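Here full-length UniProt numbering is used: the first residue of the sequence shown is 1, the next is one more, and so on. Written out below as structure tokens is the structure these notes cover.
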Amino acid sequence: MSRNAKINALLLLVVAALAVLPLALGMGDHKKEPFAGADAEAETAITEIEPDYEPWFSPLYEPPSGEIESALFALQAALGAGVLAYYFGLRRGRRQGELRVLAQREAGEGPAAGAPGGAAESAAGPRPTERA
């Protein structure tokens, strides 16, 4: 097993432990909703300190249940992760394409090997060493 595989396995075990330990140790058993979000905790703390507090704003949409609210939050997180994955994948693909074009030029292959301003150069842009 390689060093990276060992590190990945260890990180996976740590994440699994962080997810399972609060449930196994019974953390939050004394609460009505043991794993409620920080918003609910803050609302409870504020009403204990100042019972007559009036919020400045109200939500645009109030989900009918906590399960729907959780599902919407999970959907938002999934969309954000998808956008980030797309962005980083696009950057990596562009970098690999530039490296491939440079390798072809160095090896003397392809249509743009000896001709500056060839098809490969116009598609990939100027060489990285020529950028300002």
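Ideal Cβ placement from N, Cα and C applies to all residues, glycine included. Every value quoted in this text rests on a predicted model; they were computed, and no experiment measured them.
| query | Is the CB-CB distance between L75 and P63 below 8 Å? | reply | The count along the sequence shown starts at 1 and reaches residue 75 at position 75. The count along the sequence shown starts at 1 and reaches residue 63 at position 63. No; because the gap between Cβ atoms is not below 8 Å, this pair is not in contact.
| query | Rounded to a whole number of angstroms, what is the C-alpha to C-alpha distance between R3 and A78? | reply | Residue 3 sits at position 3 when you count from the first residue of the sequence shown. Residue 78 sits at position 78 when you count from the first residue of the sequence shown. The alpha-carbon atoms of R3 and A78 are separated by roughly 30 Å.
| task | Let me know the alpha helix (DSSP H) ranges lying completely inside the segment 51-119, each 4 residues or longer, listed in chain order. | result | 66-107
| query | Whose CA, out of E98, A40, I49, I46, lies closest to the CA of G66? | reply | Here residue 66 is taken as the residue at index 66 of the sequence shown, counted from 1. Comparing Cα positions, the closest option is A40.
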